[in-house]
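Single-structure report; data block below.
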Amino acid sequence: AAVIAGARAFASFEDLGVQMNHHSTLVSYLHRLLIVLTGSFGKPGTHFIPTTLVDIGNGESKHTSPVVGARIVGGLVPCNVIAEEILADHPKRYRAMIVEATNPAHSLADSKRMREAMLSLDTLVVIDIAMTETARLAHYVLPASTQFEKAEATFFNFDFPKNYFHLRRRLLAPAAGTLSEAEIHARLCEALGAVNDADLEPFRAAAKLGRSAYAMKMLSLLSDARLGGVAPVVLYRSLDLPEDLREGAVVFGLALRAAMAAPGPLARAGFGGSPLEAACALFDAILTNESGVVFAVDEWSEVRPKTRDRKIHLLLPDLLAELATLPTTTVGAASAEFPYVLTAGERRSFTANTIIRDPQWRKKDADGALRINPDDATALGVATGQSVRLTTRRDSVVVSIEVSPTMQRGHVALPNGLGLGYGNVTAGIAPNELTASEDRDPFVGTPWHKHVPARVERVE
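Residues 51 to 510, numbered by my numbering, are exactly what the sequence shown covers, in order.
Structure below.
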């Protein structure tokens, strides 16, 4: 710590090896303590907080899930408790779900139990571009257009001091029978009576008067609890944009919020004036610049946390209590039944999460071999290309192996993104078939994908 504190610059990064493992929340907390207590924050060469259009998460935990009592942090229910929230004999159990652009029947821990939970729902609606494992279980499937068939963007924009935003235009006409998510959401809200033409007409009229008049009208949503909850639909239905940018209407609301929250950084990027003027100018720049735009220029003197008092709240008693238990805690000790630790989901050169379903794109390791240390392979009497039986508390599978010096003794690894159905073909092992939902972080429920007790046996 003393060396870090005296360094001219310090950067650190944590990744899935600790984030999906025992004590993951505690490790993240200690990581932040290391940054802050060594003074490695808010000055050149150290960590920073950039101005963003959208906050990925606010860290607030005001509620708990109704059945398990799991903390809901930043509005997110821990994925490893969802099946329990559905399958419980509880009056407030989850009974219906809209699943959009995600595949919990394959991509969440304990897949068999998750599928059981999905099938027990009264209503399951899936919005996706593919007939996924989850879509096959649904009562209703609403086919969505792909990212090339609608305007779209990503909000993982963390550049500093200049931060960028890129609204990508539609490149292709949507495939027959598909709609953009924006259109699907709007139609659902209209069918439910949440918004109608009479509600939208004043906003459409304001839009015809120009950006400033429209911005003023949009501010009225701040005091309208009913329409404020469907603001994205109001924007989409009332702001008349070119067809290849139509879904980008929601960005106007984001620009307006950013202009009110961070006028200084936006002004340094060239979007000055009143918040309304800055928002209108920024939105038009986003629409006009097809390769993206610098929307904020930060200064080190303004790098502050977004807490109400603008201070970093280091003292978290529950995590300090957990820290105190470490000297007497033994984590993940090997047992006779499960002597190996399985990394259930390793990034490799031909894995792409589950974005590409067609297995033909994989030019090597098409079936996703189990990687194993040379000494362990010798002890088992197996070599690359041979098959072994891999067993966890949840399931047992037969998989070919790859002997690799990159693996430590006692550790084995399967790649992520495999086990997807494509036509009549299923290539590789779906790692979440082998994981247990109860193996999760006690604070925020993060699954322990990187530490799954396992047994490996030679197949005769």
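Heads up, the beta-carbon is just placed ideally off N, CA and C, and yes, glycines get one too.
Nothing here was measured: the structure is a model prediction, and the numbers come from that model.
How should residue i be labelled, buried or exposed, when 16 other C-beta atoms within 10 angstroms of its C-beta is the threshold for buried?
| i | result |
| --- | --- |
| asparagine 246 | exposed |
| tyrosine 190 | exposed |
| methionine 168 | buried |
| arginine 360 | exposed |
| isoleucine 177 | buried |
| methionine 266 | exposed |
| arginine 121 | buried |
| aspartate 274 | exposed |
| aspartate 491 | buried |
| phenylalanine 63 | exposed |
| glycine 495 | buried |
| asparagine 403 | exposed |
| glutamate 396 | buried |
| arginine 237 | exposed |
| glutamate 183 | buried |
| proline 325 | buried |
According to DSSP, which residues form a beta bridge with residue i?
| i | result |
| --- | --- |
| proline 481 | Beta-bridge pairing links proline 481 to no other residue. |
| valine 175 | Ile148 and Tyr190 |
| arginine 354 | DSSP output for arginine 354 lists no bridge partner at all. |
| phenylalanine 91 | His97 |
| valine 391 | His461 and Pro503 |
| histidine 113 | Ile122 |
| proline 497 | Arg490 |
| isoleucine 422 | Val453 and Val462 |
| alanine 371 | Paired residues: none, contrary to the question. |
| asparagine 338 | First, the residue type needs correcting, since residue 338 is threonine and not asparagine in the sequence shown. Looking at the DSSP assignment, threonine 338 forms no beta bridge with any residue, so it has no partner. |
| alanine 346 | Asn213 |
| serine 437 | Ser450 |
Comparing C-alpha positions only, which one of the options sits nearest to residue i?
| i | options | result |
| --- | --- | --- |
| phenylalanine 98 | Val117, Gly435, Pro211 and Ile106 | Pro211 |
| leucine 420 | Lys356, Val432 and Ala275 | Val432 |
| alanine 203 | Ser450, Ser341 and Glu387 | Ser341 |
| valine 117 | Val131, Lys162 and Ile106 | Val131 |
| valine 284 | Ala311, Ala319 and Ala248 | Ala248 |
| histidine 156 | Leu259, Leu484 and Tyr264 | Leu484 |
| arginine 165 | Thr96, Ala386 and Leu187 | Leu187 |
| leucine 269 | Ala226, Ala312, Leu316 and Ala329 | Ala329 |
| arginine 444 | Lys142, Phe388 and Leu304 | Phe388 |
| alanine 518 | Val68, Ala480, Thr101 and Thr434 | Past the boundaries of the shown model lies residue 518; the chain is included only from 51 to 510, so the question cannot be answered. |
| glycine 92 | Ala61, Leu365, Gly418 and Gly109 | Ala61 |
| phenylalanine 198 | Pro224, Ala257 and Gly322 | Pro224 |
| alanine 386 | Pro424, Gly460, Val175 and Leu306 | Gly460 |
| aspartate 65 | Glu452, Ser78, Ile85 and Glu297 | Ser78 |
| arginine 276 | Gly478, Asn423 and Leu242 | Leu242 |
| glutamate 134 | Ser111, Lys162, Val123 and Thr152 | Lys162 |
| valine 300 | Ala317, Arg287 and Ala256 | Arg287 |
| isoleucine 106 | Asn207, Ser115, Glu396 and Arg82 | Asn207 |
| arginine 398 | Val149, Thr380, Leu376 and Asp417 | Asp417 |
| proline 128 | Ser111, His140 and Lys142 | Ser111 |
| aspartate 426 | Ala374, Gly298 and Val506 | Val506 |
| tyrosine 214 | Thr380, Ser450, Gly320 and Thr476 | Gly320 |
| leucine 217 | Thr96, Leu332, Arg508 and Pro355 | Leu332 |
If you reduce the DSSP assignment to three classes, tell me which class residue i lands in.
| i | result |
| --- | --- |
| glutamate 452 | strand |
| serine 399 | coil |
| valine 68 | helix |
| asparagine 213 | strand |
| glutamate 199 | helix |
| histidine 156 | helix |
| serine 262 | helix |
| histidine 235 | helix |
| threonine 378 | helix |
| proline 292 | coil |
| glycine 279 | coil |
| valine 127 | coil |
| valine 509 | coil |
| leucine 470 | strand |
| alanine 225 | coil |
| serine 230 | coil |
| arginine 163 | helix |
| arginine 307 | helix |
| threonine 404 | strand |
| arginine 44 | Residue 44 lies beyond the range of the chain shown here (51 to 510); nothing can be said about it. |
| valine 77 | helix |
Is residue i near the ligand HEM, in the sense that its beta carbon is under 7 Å from a heavy atom of that ligand?
| i | result |
| --- | --- |
| histidine 461 | Here there are no bound small molecules, and the ligand HEM is not part of this structure. |
Determine, using beta-carbon pairs with one atom in the stretch 386 to 397 and one in the stretch 500 to 510, whether at least three such pairs fall under 8 Å. yes
So does the stretch 334 to 350 actually touch the stretch 289 to 303, counting three or more Cβ pairs closer than 8 Å? When Cβ pairs closer than 8 Å are counted between the two stretches, the stretch 334 to 350 is seen to touch the stretch 289 to 303, the count reaching three or more.
For the stretch 462 to 469 against the stretch 350 to 367, are there 3 or more C-beta pairs whose distance is under 8 Å? Here the stretch 462 to 469 does not lie against the stretch 350 to 367, with fewer than 3 beta-carbon pairs under 8 Å apart.
Counting Cβ pairs closer than 8 Å, one from the stretch 361 to 376 and one from the stretch 436 to 446, do we hit at least three? With the cut-off at 8 Å, the stretch 361 to 376 and the stretch 436 to 446 do not touch.
Are the stretch 470 to 482 and the stretch 396 to 412 in contact at 8 Å, needing three or more beta carbon pairs? yes
For the structure I just gave you, are there three or more beta carbon pairs, one from the stretch 273 to 287 and one from the stretch 228 to 244, closer than 8 Å? For the pair of segments examined, the stretch 273 to 287 was found to touch the stretch 228 to 244: the number of CB pairs separated by less than 8 Å reaches three.
Given 8 Å, three or more beta-carbon pairs between the stretch 488 to 499 and the stretch 56 to 75: yes
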